[in-house]
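Trainee: Residue numbers (this note's numbering): -14 to 432.
Ideal Cβ positions, reconstructed from N, Cα and C, are used throughout, including at glycine.
These numbers come from a predicted model, not from an experiment.
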Ligand SMILES: Cc1cc2nc3c(=O)[nH]c(=O)nc-3n(C[C@H](O)[C@H](O)[C@H](O)COP(=O)(O)OP(=O)(O)OC[C@H]3O[C@@H](n4cnc5c(N)ncnc54)[C@H](O)[C@@H]3O)c2cc1C
């Protein structure tokens, strides 16, 4: 066994404001606990404290009523067992740090969420998934074990344990997830990326099914075409041993766009009205180089990562992402839902469609075989939430599921309808461990 120790980097999580990616909920006076001894002390005195990883969940998952936060950033050690393709890392290690350590060995995590700022502990807590078509592609299915720190002390949790099901996707409700052992897989540092414009929904569905056996990653961006049908930009990639330097393409102008976006952080209103959204989407569909391109893996999988602060475009009201899985047998209904959304008065700013082929091991896991639809909207008040709740009742009828890392509005009863018995088991057991009392956990579990 070759155990390559990459080292322990120390960072200080000094933030004067806490908010999720959607920025709908903010805490301007957070009190941070950074040392594990401090967290244990909070547990011992039965205080409420919220665990914060990369803060890339969208809603109120990390927000705390007590204003106390445990930042996991100091817990970013990593060791890689190259021979067995296993990583052992601290709960606060980001995917950016993880990839920087593993890619030189030709290894990548089986699950890479859409932002490299997410932490591995956070990805376990929300049971994250990625764009990969190769199994395992859901965090709970790639984990060998982790250490859990909670009111009961410290314990090692393995996939066969009941606590494993409660913790993966449990939104931190069972305690701090640390020392995670998980599988890596082989990959080249460069990928060959293809982009195809597809007219018509049926054609897109056929292509996405075909790609499952020939490609490694896939995601489709959707929009409403001129004839009010669904058009898409299907992006796929496979490993490549070529390592041509990337040319000037849209990734180059995204760097300049980032500089322009930064001041927008301070804008009180959204600049994403329907016209601007249409222009941005048209640019995406029109200005692409469509011949296959060799690109570094990190740019291929998450191109938006290069545009820093793009979520600030949504203004102070913030954004809501509505992300649902829909079993494959409801493909026709999926199209109907998309038509309903695209012809509503609420203009989506981004629509992505992916495929999922596994079932997560967590009780509240989002992953199940089916379509993975994610839609960004400007937050537009109660009427807008009523619209989403109407869509939710259709999703429930199709046995679909919400991705709780993106949820910012479901009530306890609405959540129960999605997760049924598994949800109740979770709730019952959780009360024994819970001290990570985020606003979301309070809302969903009525703590
Ligand atoms: C641009 C973008 C793209 C995304 N794409 C994807 C995607 O493709 N797939 C996907 O699954 N998700 C995606 N997400 C969501 C995001 O990746 C997940 O929410 C993320 O994995 C959470 O990790 P985090 O470190 O940011 O956790 P945070 O947002 O900080 O916390 C999320 C929850 O986990 C808890 N938590 C965090 N760390 C720990 C820990 N160590 N121990 C116990 N509890 C903890 C928190 O209390 C909170 O309840 C995306 C987000 C963004 C902004």
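Taking the alpha carbon of residue 66 as the point to measure from, which residue in 362, 87, 53 and 55 has its own alpha carbon closest?
Mentor: As a position in the chain shown, residue 66 is number 81, starting the count at 1. Closest by alpha carbon: 87.
Trainee: Output the residue ranges of the alpha helix (DSSP H) runs that lie fully inside the stretch 348 to 411 and measure 4 residues or longer, sorted by chain position.
Mentor: 366 to 382
Trainee: If you follow the beta strand (DSSP E) that residue 223 is in, where does it begin and where does it stop?
Mentor: Residue numbering aside, residue 223 sits at position 238 when the chain shown is read from its first letter. Taken as a continuous stretch (DSSP letters only), the beta strand (DSSP E) holding residue 223 covers 215 to 225.
Trainee: Short check: CB of residue 282 to CB of residue 36, under 8 angstroms?
Mentor: The residue given as residue 282 occupies position 297 in the chain shown. The residue given as residue 36 occupies position 51 in the chain shown. No, these two residues do not count as a Cβ contact at 8 angstroms.
Trainee: For the alpha helix (DSSP H) containing residue 152, name the first residue and the last one.
Mentor: As a working note, residue 152 is residue 167 in the chain shown. Element bounds for residue 152: 147 to 152.
Trainee: Given a cut-off of 8 angstroms, decide if residue 162 and residue 44 are closer than it, judged by their beta-carbon atoms.
Mentor: Numbered from 1 along the chain shown, position 59 holds the residue referred to as residue 44. Numbered from 1 along the chain shown, position 177 holds the residue referred to as residue 162. Not a contact, by the Cβ cut-off of 8 angstroms.
Trainee: Could you check where the beta strand (DSSP E) with residue 58 kicks off and where it finishes?
Mentor: By one-based count along the chain shown, residue 58 stands at place 73. Per DSSP, residue 58 belongs to no beta strand (DSSP E) and is neither H nor E.
Trainee: Thinking C-beta only, is residue 183 closer than 8 angstroms to residue 219?
Mentor: The residue labelled residue 219 in the question sits at position 234 within the chain shown. The residue labelled residue 183 in the question sits at position 198 within the chain shown. With respect to the 8 angstroms criterion, residue 219 and residue 183 are classified as neighbours on the basis of their beta carbons.
Trainee: For the candidate residues 353, 307 and 210, whose alpha-carbon lies nearest to that of residue 389?
Mentor: Here residue 389 is taken as the residue at index 404 of the chain shown, counted from 1. The shortest Cα separation from residue 389 among 353, 307 and 210 belongs to 307.
Trainee: Checking 8 angstroms against the spacing of the C-beta atoms, do residue 349 and residue 155 come in under that value?
Mentor: Against the chain shown, residue 349 aligns to sequence position 364. Against the chain shown, residue 155 aligns to sequence position 170. Yes. Within cutoff.
Trainee: Kindly indicate the opening and closing residues of the alpha helix (DSSP H) around residue 47.
Mentor: Stepping through the chain shown from its first residue, residue 47 is reached at position 62. Element bounds for residue 47: n/a, residue is neither H nor E.
Trainee: Specify, as a first and last residue, the run of the beta strand (DSSP E) that residue 205 falls within.
Mentor: As a first step, residue 205 is located in the chain shown; it is residue number 220 there, counting from the start. Run containing residue 205: 202 to 209, per the beta strand (DSSP E) assignment.
Trainee: Would you mind listing the beta strand (DSSP E) stretches within the stretch 124 to 184 that are 3+ residues and don't spill past its ends, in chain order?
Mentor: If you keep only unbroken beta strand (DSSP E) runs of at least 3 residues inside the stretch 124 to 184, you get 128 to 135, 138 to 142, 161 to 171 and 175 to 184.
Trainee: For residue 278, write down the residues that DSSP places opposite it in a beta bridge.
Mentor: Counting from 1 along the chain shown, the entry for residue 278 is found at position 293. Answer is 178, bridged to residue 278.
Trainee: Would you kindly work out how many angstroms separate the C-alpha atoms of residue 68 and residue 366, rounded to a whole number?
Mentor: Within the chain shown, residue 68 is the residue found at index 83, counting from 1. Within the chain shown, residue 366 is the residue found at index 381, counting from 1. Straight-line Cα distance between these residues: approximately 52 angstroms.
Trainee: Rounded to a whole number of angstroms, what is the C-alpha to C-alpha distance between residue 471 and residue 207?
Mentor: Residue 471 cannot be examined here, being either before or after the span of the chain that is shown, -14 to 432.
Trainee: Please classify residue 380 as buried or exposed, where buried requires at least 16 neighbouring CB atoms within 10 angstroms.
Mentor: As a position in the chain shown, residue 380 is number 395, starting the count at 1. By the neighbour-count criterion, in which 16 or more other beta carbons inside 10 Å mark a residue as buried, residue 380 falls on the buried side.
Trainee: Could you tell me whether any Cβ in chain B is nearer than 8 angstroms to the Cβ of residue 153?
Mentor: Among the protein chains of the structure shown there is no chain B, as only one such chain exists.
Trainee: Between the C-alpha atoms of residue 178 and residue 297, what's the straight-line distance to the nearest angstrom?
Mentor: Looking up residue 178 in the chain shown gives position 193. Looking up residue 297 in the chain shown gives position 312. Straight-line Cα distance between these residues: approximately 28 angstroms.
Trainee: Taking C-alpha atoms, which residue in 352, 376 and 357 lies nearest to residue 325?
Mentor: Counting from one through the chain shown, the residue named residue 325 turns up at place 340. The shortest Cα separation from residue 325 among 352, 376 and 357 belongs to 376.
Trainee: Mind checking whether the beta-carbon of residue 98 lies closer than 7 angstroms to any heavy atom of ligand 1?
Mentor: Walking along the chain shown from the start, residue 98 turns up at place 113. Under cutoff, so the answer is yes.
Trainee: Beta-carbon within less than 8 angstroms of residue 402's beta-carbon, same chain only, minus the 5 sequence neighbours each way: which residues are those?
Mentor: The count along the chain shown starts at 1 and reaches residue 402 at position 417. The residues are 381.
Trainee: How far does the alpha helix (DSSP H) with residue 17 in it extend, from its first residue to its last?
Mentor: Residue mapping note: residue 17 aligns to position 32 of the chain shown, counting from 1. Run containing residue 17: none in the alpha helix (DSSP H); it sits in the beta strand (DSSP E), 16 to 18.
Trainee: So residue 85 is in the alpha helix (DSSP H); what residue range does that whole segment cover?
Mentor: Walking along the chain shown from the start, residue 85 turns up at place 100. Note, residue 85: alpha helix (DSSP H), 80 to 87.
Trainee: What residue range does the beta strand (DSSP E) around residue 35 cover?
Mentor: If you number the chain shown from 1, residue 35 lands on position 50. Unbroken beta strand (DSSP E) run through residue 35: 35 to 37.
Trainee: Between which two residues does the beta strand (DSSP E) holding residue 314 run?
Mentor: If you number the chain shown from 1, residue 314 lands on position 329. Where residue 314 is concerned, there is no enclosing beta strand (DSSP E), given that its DSSP letter is neither H nor E.
Trainee: In whole angstroms, what is the alpha-carbon distance linking residue 267 and residue 135?
Mentor: Locating residue 267 in the chain shown gives position 282, where the first residue counts as 1. Locating residue 135 in the chain shown gives position 150, where the first residue counts as 1. Approximately 49 angstroms between the Cα atoms of the pair.
Trainee: Would residue 57 and residue 91 be called neighbours here (beta carbons separated by less than 8 angstroms)?
Mentor: The residue labelled residue 57 in the question sits at position 72 within the chain shown. The residue labelled residue 91 in the question sits at position 106 within the chain shown. No, Cβ-Cβ distance for residue 57 and residue 91 is not below 8 angstroms.
Trainee: Classify residue 114 as helix, strand or coil using the three-state DSSP reduction.
Mentor: Here residue 114 refers to the residue found at position 129 when the chain shown is read from its first residue. Here residue 114 sits in strand by DSSP.
Trainee: Relative to the C-alpha of residue 158, which residue among 213, 190, 49 and 7 is closest?
Mentor: Sequence index remark: in the chain shown, residue 158 carries index 173 (1-based). The candidate whose alpha carbon is nearest that of residue 158 is 49.
Trainee: Mind checking residue 371: buried by the 16 CB within 10 Å criterion, or exposed?
Mentor: In the chain shown, residue 371 corresponds to position 386, counting from 1. Classification for residue 371: exposed.
Trainee: According to DSSP, which residues form a beta bridge with residue 94?
Mentor: As a first step, residue 94 must be located in the chain shown, where it is residue number 109. Bridge partners of residue 94: 169.
Trainee: Candidates 290, 285, 358 and 70: which alpha carbon is nearest residue 318's?
Mentor: By one-based count along the chain shown, residue 318 stands at place 333. The option with the nearest alpha carbon to residue 318 is 358.
Trainee: By Cβ distance, which residues of its chain are closer than 6 angstroms to residue 391, with the 5 residues on each side in sequence left out?
Mentor: In the chain shown, counting from the first residue as 1, residue 391 sits at position 406. Cβ contact annotation for residue 391 (same chain, cutoff 6 angstroms, sequence separation greater than five): 43, 306 and 308, in chain order.
Trainee: Kindly indicate which three-state DSSP category residue 341 falls into: helix, strand or coil?
Mentor: By 1-based counting over the chain shown, the position of residue 341 is 356. Strand, per DSSP.
Trainee: Kindly examine ligand 1 and report whether one of its heavy atoms sits closer than 7 angstroms to the Cβ of residue 373.
Mentor: Here residue 373 refers to the residue found at position 388 of the chain shown. Residue 373: no, Cβ never under 7 angstroms from ligand 1.
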